[in-house]
Structures are given as structure tokens and as C-alpha cells.
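> In our numbering, the protein residues as written are 80 to 350. Dumping the structure here so I can ask a few things about it.
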């Protein structure tokens, strides 16, 4: 998918998320000679990938520059970036809580900045990437980002940057919430008599299959649940527990709200 991608990639930092994205890009045919990773440790990233420990005199022409370090490191990176920034470059920022406005203060114009919020399944090509850019960004730059991020899974643009913390709560934190749900299902089955390891295997396989059905179905997930639940049957009895006083909906609403609100707090602390 990326064997014909010819733009240089310049990664500033290569943490867990940036590393997962890079691994997937390489699996999809990205030429490693196009990639440069700046990391103070100098630790190797992969065969054929250049690793440097300090900023070069200039950034590669027409490069996509990806901010993959910790958000609190922006203060030290910004001066280096500002003195080297040019019109031909495009910035992809993975920095949670760092707005396009703050990146503009760091020296990168809004018209050249794309915020990207990926999640961990990008390593398998099954992730979610929420993208935001100012209305001044050209369609060409947007299409370039779409092309690069497509192999990671679902990549969609959001219209309102103010929704970023909510999107992060859903897609970024969501895998952890789902892992807890799977674990709770398995533990419940084990308490009722199943062998724990087998209960976990069953729970994981069930969620995998159900997600595949939901992805390919015409009906919404709520409708699918009703179709599975026969009147007076086992599924209906279980759903009655979840649906009582909107128990599951309220629990997940509170979960998302707490995660979103913490994101807002962290954003204020970082500003």
C-alpha cells in the first residue's frame, strides 16, 4: 500500500505509538530509506532507518514531520523546529492536549499542521486515527495524510478541534475499556465454573467475531443485539440485567465523561 509513497518521513521521537505506526508502515511497503528518526538515545529503530541524536541543519525537502515524543518535550523541541520550518513541510502531531494554536506558537503555521490521535491497534492495521486540521489547510496536504494513515485502519477527519478530548476518550482510551470488559466476562464465566484460561480464550474469540459482524452488518449494533435476543431466551435474560435503568449505558457514559474531563484538565495544565 505504501510501496509508492515517496515523501520523506522525519520522526521527532519514536515512542510507543509512533513506533507502532512506523512498524505498520514498514510492513505495508514503506521504503525505510525515506525515514529518519530523531531520538537522543540513538537507539536503532529498524534496518535501513537513519537514527540521529540531534536536529540536522535542515529538514528533508517536502517531508512529513511527525511529532512522536512526549507532549511535555515540546518546549525544548519548538525552538529547533521553528528555525528550520519551511513552506514545503507538513507537520503531523501525535501530542495529546496540544492544540493547533499551540503548535502555531511553536513556529508551525496552522495551514501546515495536522493533529492525529491514533490508538494502539494501528500496529495491526486495525486502529483508529482521528485527524484535525484548520480550514486553511490545502486538500493536497489532507490527501497526503489520508494516504499515509490509511494502512493503519480507520482514519477520519473531525470538524471541531474542541471534540478532541471526547474522541480520545472513545478511541484512544477505548481499547483499555474493552480489555476490562473482556476480562470481566472471562472472570464472570470462571466464577460460574469455566476453567479461567478457557474462559478468557472464549471471551476474546467471541468479541473478535462479534466486532467483525458489527463492522460488516447493515444494522446498527443495538439492532443486532435485539435480533440475537429471542423473547424468553438466555440472551434476553442477560440483556435485561444490562438494560435495567440503562445500567450499561450510564456506566459507559460516566466512563467516557471521566476520561474526557481528565483530558481537558491535562490540556489546561499543558497550556
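For glycine and all other residues, C-beta sits at the position ideal for the given N, C-alpha and C.
Just to confirm, is the Cβ distance from residue 349 to residue 177 under 9 angstroms?
Within the chain shown, numbered from 1, the residue matching residue 349 stands at position 270. Within the chain shown, numbered from 1, the residue matching residue 177 stands at position 98. The answer is yes: Cβ separation under 9 angstroms.
> Quick one: using the 10 Å Cβ neighbour count with 16 as the cut-off for buried, is residue 228 buried or exposed?
For the purposes of this step, residue 228 is taken as residue 149 along the chain shown, with counting starting at 1. Under this definition residue 228 is a buried residue.
> Would residue 172 be called buried (16 or more neighbouring beta carbons within 10 Å of its own) or exposed?
Sequence index remark: in the chain shown, residue 172 carries index 93 (1-based). Buried.
> Quick one: measure Cβ to Cβ for residue 144 and residue 91, integer angstroms, because I've assumed they're closer than 8 angstroms.
Taking the first residue of the chain shown as position 1, residue 144 is located at position 65. Taking the first residue of the chain shown as position 1, residue 91 is located at position 12. Rounded, the Cβ-Cβ distance is 7 angstroms, consistent with contact.
> So, helix, strand or coil for residue 86, using DSSP?
In the chain shown, residue 86 corresponds to position 7, counting from 1. Residue 86 falls in the coil class under three-state DSSP.
> Residues bridged to residue 193 by DSSP?
In the chain shown, counting from the first residue as 1, residue 193 sits at position 114. Answer is 171, 212.
> Can you name, in chain order, every residue of its own chain whose Cβ lies under 8 angstroms from the Cβ of residue 281, other than the five neighbours on each side?
As a position in the chain shown, residue 281 is number 202, starting the count at 1. Only 265, 268, 273 meet the Cβ criterion.
> Across which residues does DSSP place residue 143 in a beta bridge pair?
Mapped onto the chain shown, residue 143 falls at position 64. Residue 143 is bridged to 88, 169.
> Among the residues of its own chain, which have a CB less than 6 angstroms from the CB of residue 199, if the five just before and after it don't count?
The sequence position of residue 199 within the chain shown is 120, counting from 1. 254, listed in sequence order.
> Tell me which same chain residues have a C-beta within less than 6 angstroms of the C-beta of residue 335, skipping the five on either side of it?
Along the chain shown, read from residue 1 onward, the residue named residue 335 stands at position 256. Counting only Cβ-Cβ distances below 6 angstroms, and skipping sequence neighbours, we find 248.
> Taking just the CA atoms, how far does residue 301 sit from residue 323?
Indexing the chain shown from 1 puts residue 323 at position 244. Indexing the chain shown from 1 puts residue 301 at position 222. One C-alpha to the other measures close to 15 angstroms.
> When the Cβ atoms of the region 146-163 are set against those of the region 219-239, are three or more pairs found closer than 8 angstroms?
No, because fewer than three Cβ pairs between the region 146-163 and the region 219-239 fall closer than 8 angstroms, the two stretches do not touch.
> Report all residues from its chain with a CB closer than 6 angstroms to the CB of residue 190; omit the five preceding and five following residues, and keep chain order.
Here residue 190 is taken as the residue at index 111 of the chain shown, counted from 1. The residues are 215, 216.
> For a test of the three-state rule: what should DSSP assign to residue 369, helix, strand or coil?
Past the edges of the chain, shown from 80 to 350, lies residue 369, and the structure says nothing about it.
> Is the Cβ-Cβ distance between residue 164 and residue 147 less than 9 angstroms?
Residue mapping note: residue 164 aligns to position 85 of the chain shown, counting from 1. Residue mapping note: residue 147 aligns to position 68 of the chain shown, counting from 1. No, these two residues do not count as a Cβ contact at 9 angstroms.
> Give me the Cα-Cα distance between residue 166 and residue 100, rounded to the nearest whole angstrom.
Taking the chain shown and counting its residues from 1, the one referred to as residue 166 is at position 87. Taking the chain shown and counting its residues from 1, the one referred to as residue 100 is at position 21. About 25 angstroms.
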